[in-house]
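Each residue of the sequence shown is one higher than the last, beginning at 1046 in our numbering. Ideal Cβ placement from N, Cα and C applies to all residues, glycine included.
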Amino acid sequence: MEDRRKKKTRKAIHEAFINLLKQYDIETITIQQIADEADINRATFYKHYEDKYILLNTIEDNEVNHINQYMNYQQVKETEFNNQASLNQLVENIPKNIMKTILNNIELYEVLFKMNRVSTLENKMADVISNNLKMALGEKDSISNIQFRYFHAYVSGAMINIIKLWVLDEQRISADQLTETIFDIAYHGPLKLILSEMSHATD
């Protein structure tokens, strides 16, 4: 019963905080505002969180943990590469599940991405991508003679920015369309797609 009550209180605090972040900058939000919005007193807030920045960090960590459940590239490593159809399906399902997770809590991601550098969500997502790549590749220092840190910077930067664009896009495409877009760019490569488009234009 106590655990259920704590979860309910934390959920109320999280929802109150996100609602306030839609209206105010984090620097101007007070603990009293959060408590009032969550219908609790200040003392109850401090039983759960030391301050609003730790609250923000907790919310980000929760979301990153949800995403990480679907970002396990160890499965890619274990898939037989001679079974191309199964590999393609697995690689496509990873972003598809991530997009659906984000879509289920889209208002939160809109708030977090609009906070820019106040939120560390993007850095945490990049760390998740790095950890899973290392897991799949066996801690290699390079990938096809490309230093891992440069490879990771390209991959994580592209992935996170396309997700951020999608979340903040007022004309957002569907999660399935975004998944197909990410898969096509990742699988075929930007340069190959550009050259293909240029060759079609000259036909």
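Cβ neighbours of V1173 in the same chain (closer than 8 angstroms, five flanking residues each side left out): Indexing the sequence shown from 1 puts residue 1173 at position 128. Same-chain partners within the cutoff: V1109, I1112, N1113, M1116.
Segment contact, 8 angstroms Cβ cut-off, at least three pairs: the region 1145-1158 with the region 1069-1088: no
Proximal residues to I994 (C-beta, below 7 angstroms), its chain only, five neighbours per side dropped: Look at the range of the chain in this structure, 1046 to 1248, and you will see that residue 994 is not part of it.
Segments assigned alpha helix (DSSP H), at least 4 residues, entirely inside the region 1050-1095: 1076-1083, 1087-1093
Whole-Å CB distance - I1205 paired with A1171, under 8 angstroms assumed: Here residue 1205 is taken as the residue at index 160 of the sequence shown, counted from 1. Here residue 1171 is taken as the residue at index 126 of the sequence shown, counted from 1. 6 angstroms between Cβ atoms; contact.
Which residues DSSP lists as bridging S1187, in chain order: The sequence position of residue 1187 within the sequence shown is 142, counting from 1. Answer by DSSP bridge pairing, in chain order: Q1192.
V1156 and L1066 closer than 8 angstroms at C-beta: Taking the first residue of the sequence shown as 1, we reach residue 1156 at position 111. Taking the first residue of the sequence shown as 1, we reach residue 1066 at position 21. Yes.
Nearest candidate by alpha-carbon position, reference E1060, set Q1078, I1227, P1235: Position 15 of the sequence shown, counting from 1, holds the residue named residue 1060. It is Q1078 whose Cα lies nearest to the Cα of E1060.
Whole alpha helix (DSSP H) elements within the region 1138-1173, 4-residue minimum: 1151-1159
Beta-carbon proximity check, L1166 vs E1105, cutoff 8 angstroms: Residue mapping note: residue 1166 aligns to position 121 of the sequence shown, counting from 1. Residue mapping note: residue 1105 aligns to position 60 of the sequence shown, counting from 1. Yes; because the gap between Cβ atoms is below 8 angstroms, this pair is in contact.
Extent of the continuous alpha helix (DSSP H) run through E1105: Counting from 1 along the sequence shown, the entry for residue 1105 is found at position 60. It spans 1097-1113 - the alpha helix (DSSP H) in which E1105 sits, taken as one unbroken run.
Rounded straight-line distance, which links the Cα of V1163 to that of F1228: As a position in the sequence shown, residue 1228 is number 183, starting the count at 1. As a position in the sequence shown, residue 1163 is number 118, starting the count at 1. The straight-line gap from Cα to Cα measures roughly 30 angstroms.
E1225: first and last residue of the uninterrupted alpha helix (DSSP H) it sits in: Position 180 of the sequence shown holds residue 1225. Element bounds for E1225: 1220-1233.
Own chain, CB closer than 7 angstroms to I1076, minus 5 neighbours either side, in chain order: Within the sequence shown, numbered from 1, the residue matching residue 1076 stands at position 31. Correct list, in chain order: R1087, F1090, K1097.
Selected residue, minimal CA-CA separation from N1168, among I1151, G1202, S1219: The sequence position of residue 1168 within the sequence shown is 123, counting from 1. For N1168, the nearest C-alpha among the options comes from G1202.
S1175 versus I1074, Q1192, H1233, I1071, residue with shortest Cα-Cα distance: Taking the first residue of the sequence shown as 1, we reach residue 1175 at position 130. It is Q1192.
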